[in-house]
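Undergrad:
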Amino acid sequence: MQAHTFVIALAALSALTAAAAERGGGIKIGGGAAGGGGRDGARGGGVRIGDATRRPRTSPAPPPPRAPSSITAALVVPHKAFGARDYTKAEKAALAKLPRKLKLFSQVRLNVTLSMQGLTPSPMSILDSLCKEFLAVNVSAILYLMNHEQYGRSTASAQYFLQLAGYLGIPVIAWNADNSGLEKRASHAALRLQLAPSIEHQTAAMLSILERYKWHQFSVVTSAIAGHDDFIQAVRERVTALQDRFKFTILNAVVVKKPTDLNELVTSEARVMLLYATREEAADILSTAGDLHLTSENFVWIVTQSVLGSMQQPNKFPVGMLGIHFDTSSSSLIAEIATAVKVFAYGVESYILAPENARHPLGTRLSCSGAGASEARWSTGERFYQHLKNVSVESEASRPSIEFTPDGELRAAELKIMNLRPAIGEQLVWEEIGTWNSYPKERLDIKDIVWPGGLHTPPQGVPEKFHMRITFLEEPPYINLAPPDPISGRCILDRGVICRIAPEAEVAGLEAGTAHRNSSLYQCCSGFCIDLLQQLAEQLGFTYELSRVEDGRWGTLHHGKWNGLIADLVNKKTDMVLTSLIINSDREAVVDFSVPFMETGVAIVVAKRTGIISPTAFLEPFDTASWMLVGAVAIQAATFSIFFFEWLSPSGFDCSTGQDSNRAPQNRFSLCRTYWIVWAVLFQASVHVDSPRGFTARFMTNMWAMFAVVFLAIYTANLAAFMITREEFHELSGLDDPRISRPLTIRPPLKFGTVPWSHTDATLAKYFQEPHAYMSQFNRSTVGAGVQGVLTGELDAFIYDGTVLDYLVSQDEDCRLLTVGAWYAMSGYGLAFARNSKYLSMFNKRLLDLRSNGDLERLRRYWMTGTCKPNKQEHKSSDPLALEQFLSAFLLLMAGILLAALLLLLEHVYFRYMRGHLAASTVGPCCALVSLSMGQSLSFHGAVVEAAAQGFGMRGRGHCRSAVCAAQIWRARHERDAAMARARQLAAALAAHGLAPPPRRLASAAELLGTATDATRPRTLRAPADLLPDLDRPLSCGDLRAKERTRVEMETVL
């Protein structure tokens, strides 16, 4: 509180200084009457320090000479009875020992004004000292040397004095034993050089000890001492600077304001403590730490100079402590007077010899009364400070030159390493055991340390080895089981660790080597969790025993009691559970979980199955709209276009060949034959077709051929992709899929299951009661059995933890497994501990470290990678095709055969029931336009009917019982009629040329077939004997076959 009071007073002084400077350019501190702006105030520009009722002794400021004959420095030292003589002697000796080669002695004379201050001077006494003793003689610098280490009022007084000197612009060359307690921001604002080792030097020495003994982790403990924030910051900066050389980890930074603050160290892994406090505060802190067992032989405490001080009352501290120390005795302080004087002298010489400083002589010219003063802050002080800061003062032969950093700190320092060890009797004594030097490079020399507990070997610096009972349940890839070597009883190739899988009662009393060779008792555990366990054991330093949970269950609440892994923790049978144990709210209510080391959720795995190619696979290169466009539009448009162009073309089936035309119909083209040519061209079939004769129809046929080429190219290019086997699977969206959430509404229902007494089983029982009840008949005891059931088709799906299923999918060499749908109930795997376990915090910290440095991710990628690769099937592109890959072609052929049989049946129906009706109707002749075969069949039937009506075979002669015979008769009549028509054409041609035809005529069919002969009729032609050998006898089909072998056979009747 006293320190805060002085700081507040200093802040008020700063505000008054700034206000006075704005008004009149000077500083006025103290009370005064109203209207105090008298003659002195009117002049302005001066410094008035003191009380208005007590006039301070003033000293007129002489005019600045070109080369002052003397330069004065003030020497501030601790008040000491009969100490003035020692200080004066040291001062004069320092001036006498200055090298005579310094050129300043030819121009100026150095004077030193001595001022002694008490332990805690009041602000007014400090102001009086500045006014009466320093400003009166125009000091150019202040040599401030103090060895007080109270870190209370004394530190606040030093802070006040140095800051006030900085406001006045007077450089200060300081040597403070308690400089670590000075506020850094205020010190940086002041014009101050520090000759004592700084707090940065002490932290560097401390961390050098840690580096020497390979102690990577530690904690920082401070009291509320002045400068404790600067100490913590200095440690952090030093740790950062050494990261490339040695990796430190600050586990805790504890500011002790009450004893309970040390409880944070109880659960910490730190075994090395850096302590910054006063001697009295350190004694209290270490006493509390002893009650918390933090000062045993496993804990090392390293303290700063503020704790050691004058090294009195060491019995309050535990044996084996280490400390950083520099001499702060009166003799050391007196020795530092020479150093301070030498720095001042070298700075004066550097300043005077600089040409640019000729118009800025040294001397403050500040006055308490303000008489003759022209400035409130000494403007030359900043210039002079820069020269002081840049000096390089030669020191003793074994020590480096005195130089300063840009912040005004001593560049090269030496510190002693102290060790608290037993002396005679029960006394403890601080003994120097080494030194730390920052020059020419940092070096630490240590010898013969007595460690905590009186030991002569250093502690490990990490938590001592402790043993843990760890329970597991195997589940790849987190924990895999494999038999050990039957001869050595060890894990083959050092893969994994030995773990017990039998109950403890079965191995009790057995020799370890014999038991380890028995694979029914012990096996080798490996996997993700085992690698994680080995890293944690190495970093935390513990041993362990792995044993399998006896009931083989994960841990669920059944009839109000826990089973499996959770039951072992609840009943204190184990210290930790290590496996793929999912964190959920029910389990967290009875055990403690670490931070998750892997995220997971409930997933579904299904199998890919090779399905039969669809019977319509040959249609799948085009969609339905495309096929409709080709079949219903393109083919029909091309067919009717070709048919009508041929019908209307003069060179084709012209309509001029009707009743009035004299042309004989020569073109045998119909609508069905047009369809035939269109289909033949479309599929490039090598069949006999009747091509159109018209030019327009032929052009249209070529255009259709071009369309067919493009169509077939596209169709063929895409057909291969659809004429292969399909991989079918149940594409489920997740547990919310109706096929899972309401299995009985689907016919047939899917067969799916999970592992009983697992987290997945508990989740389904809680949120999906209907599928949970249904799937109980399909559950499997292990996840491996469930996945195998999916592969063999016994199950349609298996529900389990997502990461485990992903791993098993990646391990399937045939790549037949895949996970489908979204994961449900996202959670994570964690290490489980008994409630309020002391191990939880240390494991959490290590897991977070492993996650941040990428070790967990590397383990995941190593163990989760399987043999199934996405591009595994590429090498099978040249394998021969299997039957199922073109099975649709056989299905298409079978469908064609069945369709042909149907058409055969329809053909018989037509000939038996429909042909007669069509022949008797008027539309019979038009059928030839649709199909020539249909037209011929109708004409053939008419010929047979006509022959029967005219008496052919009326007496049982000439009646043919077979269709082939009747067709031959029809053909003979048709040729006869054609010959008669040709005869009439020839007769007409003869008549046109004036020639009379011969008096003969052709006999009609009736005359050829009739039995009566009219003698009055002219001579008629008779059928040749080779055609109709004997019309008086019945005409047999055998006669016709014998005579017509050389003729063209009758066209096929469709």
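When the letters of the sequence shown are read in order and numbered with the numbering used here, they come out as residues 4 to 1057. C-beta: ideal position from N, C-alpha, C; glycine also.
Can you list, in chain order, the residues of its chain whose CB lies under 7 angstroms from that of Thr474, leaving out five sequence neighbours each side?
TA: The residue labelled residue 474 in the question sits at position 471 within the sequence shown. Counting only Cβ-Cβ distances below 7 angstroms, and skipping sequence neighbours, we find Ser550, Val552, Leu568, Asp571, Thr577, Val580.
Undergrad: May I have the straight-line CA-CA distance separating Glu514 from Pro489, to the nearest angstrom?
TA: As a first step, residue 514 is located in the sequence shown; it is residue number 511 there, counting from the start. As a first step, residue 489 is located in the sequence shown; it is residue number 486 there, counting from the start. Near 15 angstroms, if we compare the C-alpha coordinates of Pro489 and Glu514.
Undergrad: For Asn150 versus Leu336, is the C-beta distance shorter than 9 angstroms?
TA: Against the sequence shown, residue 150 aligns to sequence position 147. Against the sequence shown, residue 336 aligns to sequence position 333. Against a cut-off of 9 angstroms, the Cβ pair of Leu336 and Asn150 comes out as a contact.
Undergrad: Going straight from the alpha carbon of Gly634 to that of Asp817, what length do you get?
TA: Here residue 634 is taken as the residue at index 631 of the sequence shown, counted from 1. Here residue 817 is taken as the residue at index 814 of the sequence shown, counted from 1. Between Gly634 and Asp817, the C-alpha separation is close to 42 angstroms.
Undergrad: Does the segment 805-815 come into contact with the segment 594-609, if we say contact requires no fewer than three beta-carbon pairs (one atom in each stretch) closer than 8 angstroms?
TA: yes
Undergrad: Going along the chain, which residues of its own chain have a beta-carbon closer than 7 angstroms to the beta-carbon of Thr310, five neighbours each way excluded?
TA: As a working note, residue 310 is residue 307 in the sequence shown. According to the sequence shown, residue 310 is Val rather than Thr. Spatial neighbours of Val310 in its own chain (CB-CB distance under 7 angstroms, excluding positions within 5 residues in sequence) are listed in chain order as Leu278, Ala280, Arg282, Ala285, Gly326.
Undergrad: What residue range is occupied by the uninterrupted beta strand (DSSP E) comprising Arg742?
TA: The residue you call residue 742 lines up with position 739 of the sequence shown. Segment 741-744 is the alpha helix (DSSP H) holding Arg742; no beta strand (DSSP E) there.
Undergrad: DSSP state of Glu435, grouped into three classes?
TA: As a working note, residue 435 is residue 432 in the sequence shown. Glu435: strand per DSSP, three-state reduction.
Undergrad: What does DSSP give as the partner residue(s) for Glu478 in the beta ladder?
TA: Position 475 of the sequence shown, counted from the first residue, corresponds to residue 478. Paired residues: Ile482.
Undergrad: To the nearest whole angstrom, what separates the beta carbons of Leu198 and Val175, a pair I think is in contact under 8 angstroms?
TA: In the sequence shown, counting from the first residue as 1, residue 198 sits at position 195. In the sequence shown, counting from the first residue as 1, residue 175 sits at position 172. With a Cβ gap of about 11 angstroms, Leu198 and Val175 do not count as contacting.
Undergrad: Determine the direct distance from the alpha carbon of Leu853 to that of Arg861, and round the result to whole angstroms.
TA: Along the sequence shown, read from residue 1 onward, the residue named residue 861 stands at position 858. Along the sequence shown, read from residue 1 onward, the residue named residue 853 stands at position 850. Cα to Cα, the separation comes out at about 10 angstroms.
Undergrad: From Ser401, Cys371, Tyr354, pick the residue whose C-alpha is nearest to that of Thr383; which is it?
TA: Here the question's residue 383 lines up with position 380 in the sequence shown. Among Ser401, Cys371, Tyr354, the Cα nearest to that of Thr383 is on Tyr354.
Undergrad: Pick out the complete alpha helix (DSSP H) segments inside the segment 492-531, 4 residues or longer, and give them in chain order.
TA: 507-510, 515-519
Undergrad: Could you spell out the range, first to last residue, of the alpha helix (DSSP H) harbouring Met209?
TA: As a position in the sequence shown, residue 209 is number 206, starting the count at 1. Element bounds for Met209: 202-215.
Undergrad: Could you give the distance in angstroms between the alpha-carbon of Val79 and the alpha-carbon of Phe251?
TA: The residue given as residue 79 occupies position 76 in the sequence shown. The residue given as residue 251 occupies position 248 in the sequence shown. Computed Cα separation, rounded: 41 angstroms.
Undergrad: Less than 9 angstroms separating the beta-carbons of Leu447 and Glu434?
TA: The residue given as residue 447 occupies position 444 in the sequence shown. The residue given as residue 434 occupies position 431 in the sequence shown. Not in contact: Leu447 and Glu434 (Cβ atoms no closer than 9 angstroms).
Undergrad: Determine the direct distance from the alpha carbon of His733 to that of Leu722, and round the result to whole angstroms.
TA: As a first step, residue 722 must be located in the sequence shown, where it is residue number 719. As a first step, residue 733 must be located in the sequence shown, where it is residue number 730. If you take the alpha carbons of Leu722 and His733, they lie about 26 angstroms apart.
Undergrad: Taking the C-alpha atoms as reference points, what is the distance between Ala112 and Lys345?
TA: Taking the sequence shown and counting its residues from 1, the one referred to as residue 112 is at position 109. Taking the sequence shown and counting its residues from 1, the one referred to as residue 345 is at position 342. According to the sequence shown, residue 112 is Arg rather than Ala. Taking the straight line joining both Cα atoms gives about 14 angstroms.
Undergrad: By how many angstroms is the C-alpha of Gly737 removed from the C-alpha of Arg838?
TA: For the purposes of this step, residue 838 is taken as the residue at position 835 of the sequence shown. For the purposes of this step, residue 737 is taken as the residue at position 734 of the sequence shown. Rounded to whole angstroms, Arg838 to Gly737 spans 35 angstroms at the Cα level.
Undergrad: Looking only at its own chain, which residues have a Cβ that is under 8 angstroms from the Cβ of Asp809, when we skip the five neighbours before and after it?
TA: Here residue 809 corresponds to residue number 806 of the sequence shown, with the count starting at 1. So the list reads Ala606, Thr822, Met867, once near-sequence residues are dropped.
Undergrad: Is the number of C-beta pairs between the segment 199-206 and the segment 162-169 that are closer than 8 angstroms three or more?
TA: These segments do not touch.
Undergrad: Should Lys392 be labelled buried (16 or more other beta-carbon atoms within 10 Å of its own) or exposed?
TA: Sequence index remark: in the sequence shown, residue 392 carries index 389 (1-based). By the 10 Å Cβ count, Lys392 comes out buried.
Undergrad: Kindly identify the DSSP beta-bridge partner or partners of Ser550.
TA: Locating residue 550 in the sequence shown gives position 547, counting from the first residue. DSSP, once it has assigned bridges, lists Thr474, Arg503 as partnering Ser550.
Undergrad: At the level of alpha carbons, what is the spacing between Met706 and Gly697?
TA: Working through the sequence shown from its first residue, we reach residue 706 at position 703. Working through the sequence shown from its first residue, we reach residue 697 at position 694. Those two C-alpha atoms are separated by around 14 angstroms.
Undergrad: Could you tell me the boundaries of the alpha helix (DSSP H) in which His762 lies?
TA: Working through the sequence shown from its first residue, we reach residue 762 at position 759. From DSSP, the alpha helix (DSSP H) with His762 extends over 762-770.
Undergrad: Here's the rule I'm using: 16 or more other beta-carbon atoms within 10 Å means buried, otherwise exposed. How should Pro59 be labelled?
TA: The residue labelled residue 59 in the question sits at position 56 within the sequence shown. Reliability fails at Pro59, whose pLDDT of 38 lies under 50, so the model's placement of it is uncertain and no value is given.
Undergrad: To the nearest angstrom, report how far apart Val713 and Thr627 are at their CA atoms.
TA: For the purposes of this step, residue 713 is identified with residue 710 of the sequence shown, where counting begins at 1. For the purposes of this step, residue 627 is identified with residue 624 of the sequence shown, where counting begins at 1. Distance between the alpha carbons of Val713 and Thr627 is about 19 angstroms.
Undergrad: Is it the case that the Cβ atoms of Ala207 and Glu445 are separated by a distance below 9 angstroms?
TA: Numbered from 1 along the sequence shown, position 204 holds the residue referred to as residue 207. Numbered from 1 along the sequence shown, position 442 holds the residue referred to as residue 445. Yes.
Undergrad: Just to confirm before moving on: does the CB-CB distance between Leu905 and Lys611 stay below 9 angstroms?
TA: Stepping through the sequence shown from its first residue, residue 905 is reached at position 902. Stepping through the sequence shown from its first residue, residue 611 is reached at position 608. Contact annotation: Leu905 and Lys611 have beta-carbon atoms that are not nearer than 9 angstroms.
Undergrad: From Pro752 to Arg742, what does the alpha carbon distance come to, in whole angstroms?
TA: Numbered from 1 along the sequence shown, position 749 holds the residue referred to as residue 752. Numbered from 1 along the sequence shown, position 739 holds the residue referred to as residue 742. Their Cα atoms are separated by approximately 7 angstroms.
Undergrad: As a quick exercise: from Val303, Ser143, Asp740, Thr342, pick the residue whose alpha carbon is nearest that of Trp178.
TA: By 1-based counting over the sequence shown, the position of residue 178 is 175. Here the closest residue by C-alpha is Thr342.
Undergrad: Who are the Cβ neighbours of Lys841 in its own chain at under 8 angstroms, not counting the five residues just before and after it?
TA: Locating residue 841 in the sequence shown gives position 838, counting from the first residue. Closer than 8 angstroms at Cβ, skipping near neighbours: Thr270.
Undergrad: Run the CB neighbour count on Met709, radius 10 Å, all protein chains shown included, and call it buried at 16 or more, exposed below.
TA: Counted from its first residue, the sequence shown places residue 709 at position 706. That one is exposed.
Undergrad: Let's test the definition: count the other Cβ atoms within 10 Å of the Cβ of Ile749 and tell me whether it reaches 16, buried, or not, exposed.
TA: In the sequence shown, residue 749 corresponds to position 746, counting from 1. The residue in question, Ile749, is exposed, as its Cβ has fewer than 16 Cβ neighbours within 10 Å.
Undergrad: Could you check what DSSP says for Gln220 in three-state terms: helix, strand or coil?
TA: Your numbering for residue 220 matches position 217 in the sequence shown. In the structure shown, Gln220 sits in a strand (DSSP, three-state: E or B).
Undergrad: Between Phe221 and Ile173, is the Cβ-Cβ spacing less than 9 angstroms?
TA: Here the question's residue 221 lines up with position 218 in the sequence shown. Here the question's residue 173 lines up with position 170 in the sequence shown. Cβ distance not < 9 angstroms, so Phe221 and Ile173 don't count as in contact.
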